[in-house]
Structure formats: C-alpha cells, structure tokens
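Working notes for the structure below.
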Amino acid sequence: MGSGIYDFYFHHDPAEVSKCMLCYDPECAKACPQSADIGGIIRSLYFQDYMAAVRKLNCDCTCCNAPCEEACLLSRENRPVAIRDLLTNVRKDRHLLPKHRIETIDISTDICGVKLENPFLLSSSVVSSSYDMCRRAFEAGWAGASLKTICNFSQHEASPRFSALKNHANAFCGFKNIEQLSPRTVEEDMQVIGKLRKDFPSKVIIASIMGQNENEWTELASKCEKAGASVIECNFSCPNMEAASLGVTIGQSEELTERFTRAVRRGTDLPVLAKLTPNITDIVPLALAARRGGADGIAAINTINSITGVDIDTLVAEPSVRGKSMVGGYSGAAVKPIALRFISDLFRCKELDGTHVSGMGGIETWIDALEFILLGAGSVQVTTAVMQYGYRIIEDLIEGLSEYMKGRGISSVRDLVGGAAETVVDHNSIERDTIVFPTFDYESCNGCGRCYISCMDGGHQAITLDPETRKPKLNGKRCVGCHLCRLVCPEMAIRPAAKYWMPDYKNFNL
Ligand SMILES: Cc1cc2nc3c(=O)[nH]c(=O)nc-3n(C[C@H](O)[C@H](O)[C@H](O)COP(=O)(O)O)c2cc1C
Numbered sequence: 003m004g005s006g007i008y009d010f011y012f013h014h015d016p017a018e019v020s021k022c023m024l025c026y027d028p029e030c031a032k033a034c035p036q037s038a039d040i041g042g043i044i045r046s047l048y049f050q051d052y053m054a055a056v057r058k059l060n061c062d063c064t065c066c067n068a069p070c071e072e073a074c075l076l077s078r079e080n081r082p083v084a085i086r087d088l089l090t091n092v093r094k095d096r097h098l099l100p101k102h103r104i105e106t107i108d109i110s111t112d113i114c115g116v117k118l119e120n121p122f123l124l125s126s127s128v129v130s131s132s133y134d135m136c137r138r139a140f141e142a143g144w145a146g147a148s149l150k151t152i153c154n155f156s157q158h159e160a161s162p163r164f165s166a167l168k169n170h171a172n173a174f175c176g177f178k179n180i181e182q183l184s185p186r187t188v189e190e191d192m193q194v195i196g197k198l199r200k201d202f203p204s205k206v207i208i209a210s211i212m213g214q215n216e217n218e219w220t221e222l223a224s225k226c227e228k229a230g231a232s233v234i235e236c237n238f239s240c241p242n243m244e245a246a247s248l249g250v251t252i253g254q255s256e257e258l259t260e261r262f263t264r265a266v267r268r269g270t271d272l273p274v275l276a277k278l279t280p281n282i283t284d285i286v287p288l289a290l291a292a293r294r295g296g297a298d299g300i301a302a303i304n305t306i307n308s309i310t311g312v313d314i315d316t317l318v319a320e321p322s323v324r325g326k327s328m329v330g331g332y333s334g335a336a337v338k339p340i341a342l343r344f345i346s347d348l349f350r351c352k353e354l355d356g357t358h359v360s361g362m363g364g365i366e367t368w369i370d371a372l373e374f375i376l377l378g379a380g381s382v383q384v385t386t387a388v389m390q391y392g393y394r395i396i397e398d399l400i401e402g403l404s405e406y407m408k409g410r411g412i413s414s415v416r417d418l419v420g421g422a423a424e425t426v427v428d429h430n431s432i433e434r435d436t437i438v439f440p441t442f443d444y445e446s447c448n449g450c451g452r453c454y455i456s457c458m459d460g461g462h463q464a465i466t467l468d469p470e471t472r473k474p475k476l477n478g479k480r481c482v483g484c485h486l487c488r489l490v491c492p493e494m495a496i497r498p499a500a501k502y503w504m505p506d507y508k509n510f511n512l
C-alpha cells in the first residue's frame with residue numbers, strides 16, 4: 003500500500019472535518035481524559051496534513067464516552083463534530099505511514115543569499131503591520147516577514163474594506179480588499195525594522211516600499227537598509243492606490259518598472275525583489291525589465307482586480323462603503339491557479355535563470371506551498387490564510403512539508419525547487435493521441451448518480467446507471483476520457499485507469 007496523499011484522503015470525511023470551527027483554545031481538547039491534542043489533530047486534517055495527524059494521535063478513543071464531543075461548541079446546537087470517528091479513522095491510517103523515512107532533513111533555504119530557516123514568510127499586508135504582530139509570527143515559527151508597504155505619504159482608508167466569497171463550510175474561497183499601505187510614518191516604520199532586527203537577528207525582514215518618484219524610491223531603500231532590513235521588496239503592484247501613477251501602474255509598464263528598480267538599486271546593496279502584478283497579460287517582460295533595473299528576484303503575485311459580488315437587497319457592489327464600492331484586490335484560495343501559472347512562466351523563462359522567485363497567492367496548506375516550490379518558487383509568502391486562520395498555520399506548513407520530505411527521502415527543500423517545472427509544456431507539445439478511461443470503485447460508490455448527470459449534460463453520454471444497483475457503467479465507445487465524472491464524484495470512487503488507450507481500442511467496455 004502506498005502512502006500517496008489520496009490514500010490518506012480516502013479514509014477521511016472532509017465534510018465532517020470542515021465542520022470543525024478550529025476554535026481558539028479548543029474545549030474538546032480540554033475535555034479529553036487522555037490529553038489528546040484534538041485541536042491539533044483536526045487542524046492537521048483540515049490542512050491536509052494527514053501524516054502529522056497520525057503522528058500526533060496519542061489516544062485510542064476507547065476509554066471514554068467522548069466527552070470531547072460534548073465539549074464541542076457545536077454540541078450546543080446538537081451537531082458536534084464526530085471527533086471520535088475522525089480520530090478512529092486517523093488511527094486506521096497508521097499503516098499508511100511510509101515504511102522507510104529519513105529523519106534528518108533541511109528545510110532551510112535562502113533569498114539571494116539571505117538565509118531563511120524555512121521557506122515560509124508573511125507577505126506584505128495587515129498580517130505584518132506592526133512590531134507586535136511580527137514578533138508573535140516569528141515566535142510561532144515564520145522565517146520572516148515582508149512588512150506592510152512603507153511609504154512617505156499618508157493613507158486614507160475606507161471602511162469596510164474587505165469582502166469574501168465563501169464555500170459551504172464558511173471558509174473563504176476568495177477574498178477582496180481595498181486597503182492601501184502602512185498607516186505609519188517612515189520614521190515609525192524604521193523603528194519597527196530596527197527593533198525586529200535587534201530582537202530577532204535570525205529572521206528575515208523584507209522591507210516592502212513604495213515611492214512617489216525616483217528620489218523617494220532610492221531614499222526609502224537606503225533608510226530600510228540602514229534600519230536593519232534584510233531584503234527590499236518594491237511594491238509595483240498594489241491595485242488600490244488613489245493616485246493613478248502608483249502601485250500597479252508601475253508594474254504594468256516595463257519602462258517604469260525598470261526605472262524605479264534602478265532607483266531602488268542606487269539606494270541599497272541588499273537583495274531587491276520586484277513585487278509584480280497579475281493584472282497584465284504576460285509577466286515575463288515585466289520581470290525582465292526589473293532584472294535590467296537591477297532586481298535580484300521577483301515576488302509574485304499581488305492581488306487581482308476584482309468585484310466579489312453585489313448585495314442583491316441593497317443593489318450595491320461589495321464591500322459597500324456608504325453605498326459605493328470599487329474594484330479591489332482579490333486573494334486567497336481562488337487565486338492559486340493564476341499565481342501558479344505566473345510562477346511557472348517565470349521559472350521556465352531561460353533569460354530569468356538564477357532569479358529568485360518568491361511565490362504567493364492562495365497558499366493555505368503545505369500542499370499549496372509545495373506546489374509553488376515545485377513550479378519554481380524558492381520561498382513562499384502568505385497573507386489571506388493567516389488572516390483567516392492565524393499565525394498558527396506555520397506549524398501545519400512546516401509539519402506537512404517535513405513529513406513529505408522525510409517520507410520521500412528528500413533531504414533538502416532546495417532539491418524540490420522547480421521539480422515539476424518541466425511537466426508544464428507548450429500547447430502544441432501535449433500528447434493528444436491517447437485516452438485514459440475512468441474506473442469505478444463499486445465498493446466506495448454509493449450510487450448517487452452525480453457522474454451520470456455530469457456525463458449526460460456536460461460530457462459525452464458515456465455513463466449509464468444500473469436501475470437495480472444504481473451503480474455506473476461506462477460505454478467505452480462513447481467515453482473520451484475527459485474525467486469530469488471523476489472530478490464530480492462526492493465519494494472519490496472514480497480513479498484513472500492505470501493504462502493509456504489509443505482511440506483505436508475504444509471498443510473497450512467496463
Ligand atoms: C488586506 C490585504 C492587504 C495587503 N496589503 C499589501 C501591501 O501593503 N503591500 C503589498 O505588497 N501587498 C499587499 N497585499 C497583497 C499580499 O501581500 C499578497 O500578495 C496577496 O494577498 C496574495 O497572497 P494571499 O493569497 O496569500 O493573500 C495585501 C493583501 C491583503 C489581503
């Protein structure tokens with residue numbers, strides 16, 4: 003039996019896990035007579051950190067009447083999380099832990115020579131907007147932080163300034179903000195950098211800056227270096243600025259990107275990252291412009307221009323600021339595929355060889371982070387998931403990545419960078435002559451018929467349902483191997499066949 007992520011996934015009930023509210027100081031754990039780390043275990047499941055969940059389990063759940071479920075805050079509504087079932091299933095996964103694993107791994111890496119104890123950083127935003135917040139994040143285990151963008155002009159923020167799209171479990175699918183930059187003076191921000199540098203000498207302090215002209219860009223970079231920053235990040239990408247000449251406007255122009263990067267380069271010897279915007283067609287020319295201006299690396303992506311929705315009672319777009327709204331920056335889980343595409347474009351560009359890429363956009367779990375790394379990110383940054391779940395997710399990120407590396411015998415995280423990059427090929431290079439049929443696991447299938455509905459109305463009418471058993475049957479002559487059925491199956495009872503088939507063999511029937 004393998005220990006692929008799906009082998010673990012099959013034993014769990016994601017709907018039950020996502021019912022958990024991930025409470026602060028959870029009552030369930032306090033009620034456990036065996037002092038099991040219930041909050042930690044369920045959080046590991048929530049963030050797909052299955053191996054860590056198995057390792058954390060220290061109780062057998064047979065000695066009590068599940069007082070944890072009674073203590074669950076949802077029991078007040080008579081719908082507690084089925085903690086005992088979840089933990090019992092985790093116990094069943096023990097045999098899936100890799101038989102051979104290495105114990106010594108190195109998750110440290112660097113940004114252009116500046117050492118990071120792990121690849122995980124806070125990205126520039128509210129989550130890194132004061133000394134105290136960064137202190138708590140560093141103590142929790144984050145390797146560093148890109149501070150809320152420092153600038154020389156005062157901010158005038160709107161309220162409310164956020165809105166979110168949510169899934170059925172009330173978690174953010176996507177998140178919109180119309181926020182601007184640091185509310186502090188440059189001098190106050192320099193004090194924050196200085197104090198962080200003094201109190202946390204091993205943490206990486208990235209000074210995110212935005213100037214209004216070349217002189218300001220140069221001066222801010224120079225001041226941040228003197229105050230103790232480790233890296234300078236040029237914010238060429240904030241989509242929410244009131245002045246049209248700032249933020250994203252720079253990142254949409256090769257000329258301005260090169261000019262202002264050069265201005266920053268004049269002010270500092272520290273590594274310089276250009277933080278680029280996804281609100282363009284092709285990121286590569288902008289990255290090359292930043293390189294010409296003297297940038298050592300690229301940070302991507304900032305938020306995507308968006309309108310998250312309209313309140314259908316008030317007829318106002320969201321968030322409503324006294325009856326009006328504006329296009330704002332979209333982030334969180336929904337933007338991950340778009341961010342990954344940009345990371346892949348940057349890493350695959352030969353002229354950018356050796357350029358550090360600090361990736362971000364929708365990272366919530368260690369798997370998300372690993373995907374960025376595998377497509378070429380040398381470090382990763384997070385905001386929206388921290389806004390939603392807190393600094394504590396760093397434990398899940400580190401645990402998940404470490405377990406994966408140990409199980410796979412990968413001793414250094416650096417060996418993972420770009421590991422999947424070559425699998426992304428041009429449109430004309432993709433194999434188009436073979437079909438992979440879906441196969442049905444009739445034991446897991448509960449006969450819901452979702453595969454049938456989707457194949458009939460969104461596929462190629464290749465599935466019939468047995469009227470007696472309600473189980474699906476594939477007509478190999480009609481099936482084109484699109485795998486819509488597999489993607490909609492709520493029970494994950496459909497998998498790809500192990501073999502490829504040439505279209506000539508389409509008389510194959512399951
Ligand atoms: C509320 C909020 C404020 C932000 N402020 C800044 C900022 O001041 N400077 C900046 O470069 N990016 C800012 N960002 C963008 C984030 O750093 C990050 O690029 C983006 O949110 C994508 O990552 P995520 O999906 O992990 O949030 C902000 C994002 C949010 C949600």
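Take 3 as the starting number for the sequence shown in the numbering used here and just add one per residue.
Ideal Cβ positions, reconstructed from N, Cα and C, are used throughout, including at glycine.
Residue i CB to nearest heavy atom of ligand 1 below 7 angstroms
i      : result
MET458 : no
ALA292 : no
ALA33  : no
VAL384 : yes
LYS150 : yes
ILE104 : no
GLY364 : yes
THR64  : no
ASN60  : no
ILE303 : yes
ALA387 : yes
VAL128 : yes
ASN179 : yes
ASN154 : no
LYS168 : no
Whether residue i touches residue j by CB criterion (8 angstroms)
i      : j      : result
GLU373 : ALA335 : no
LYS408 : ARG45  : no
ILE437 : VAL384 : no
GLY461 : CYS491 : no
SER239 : LYS178 : no
GLY330 : SER308 : yes
ASN120 : ILE109 : yes
ASN422 : LEU399 : Looking at the sequence shown, residue 422 is not Asn but Ala. No. Outside cutoff.
ILE396 : LEU348 : no
LEU183 : VAL233 : no
THR111 : VAL359 : no
Separation of residue j from residue i, as counted between CA atoms
i      : j      : result
SER156 : ARG186 : 8 angstroms
ALA379 : ARG293 : 17 angstroms
ILE314 : SER322 : 12 angstroms
ASN430 : GLU424 : 15 angstroms
TYR454 : CYS447 : 12 angstroms
ASP201 : CYS136 : 11 angstroms
GLY115 : VAL266 : 19 angstroms
VAL337 : TRP368 : 16 angstroms
GLN193 : TYR133 : 9 angstroms
ALA500 : PHE439 : 9 angstroms
PRO69  : ASP51  : 25 angstroms
ALA38  : CYS61  : 6 angstroms
MET458 : PRO16  : 27 angstroms
LYS94  : ILE43  : 14 angstroms
GLU221 : GLN214 : 11 angstroms
SER131 : TYR406 : 32 angstroms
Member of the options whose CA lies at the smallest distance from the CA of residue i
i      : options                           : result
HIS55  : PRO82, LEU99, PHE202 and CYS240   : It is Ala, not His, that sits at residue 55 in the sequence shown. Closest by alpha carbon: LEU99.
SER20  : LEU47, GLN36, ILE465 and GLY176   : LEU47
ALA173 : ALA301, GLY478, MET192 and CYS22  : CYS22
ILE208 : PRO241, ALA229, LEU149 and GLU159 : LEU149
ALA229 : LEU198, GLU445, TYR393 and GLY253 : LEU198
LEU264 : THR151, ILE152, ARG93 and GLY296  : Here the sequence assigns Arg to residue 264, which means Leu is not the residue at that position. Of the candidates THR151, ILE152, ARG93 and GLY296, the one whose C-alpha sits nearest the C-alpha of ARG264 is GLY296.
ALA139 : ASN154, ARG267, PHE122 and ARG410 : PHE122
MET212 : ILE40, CYS226, PRO203 and VAL128  : CYS226
GLY253 : VAL233, THR283 and ASP271         : THR283
SER204 : THR220, ARG261 and GLY146         : GLY146
CYS153 : GLU235, ARG96, ALA160 and ILE180  : GLU235
Whole-angstrom C-beta distance between residue j and residue i, which should lie under 8 angstroms
i      : j      : result
MET362 : SER125 : 5 angstroms
THR441 : ARG350 : With 8 angstroms as the limit, THR441 and ARG350 do not qualify as a contact, their Cβ atoms being about 33 angstroms apart.
TYR332 : GLY176 : 6 angstroms
LEU342 : LEU288 : 18 angstroms between Cβ atoms; not a contact.
ASN237 : SER210 : 5 angstroms
PRO35  : CYS74  : Not confirmed; about 15 angstroms, so no contact.
Closer than 7 angstroms: residue i CB and nearest ligand 2 heavy atom
i      : result
CYS136 : No copy of ligand 2 occurs in the structure displayed; its ligands are ligand 1 alone.
Below-8 angstroms beta-carbon distance, residue i vs any chain B residue
i      : result
LEU248 : Any reference to chain B falls outside this structure, which holds one protein chain only.
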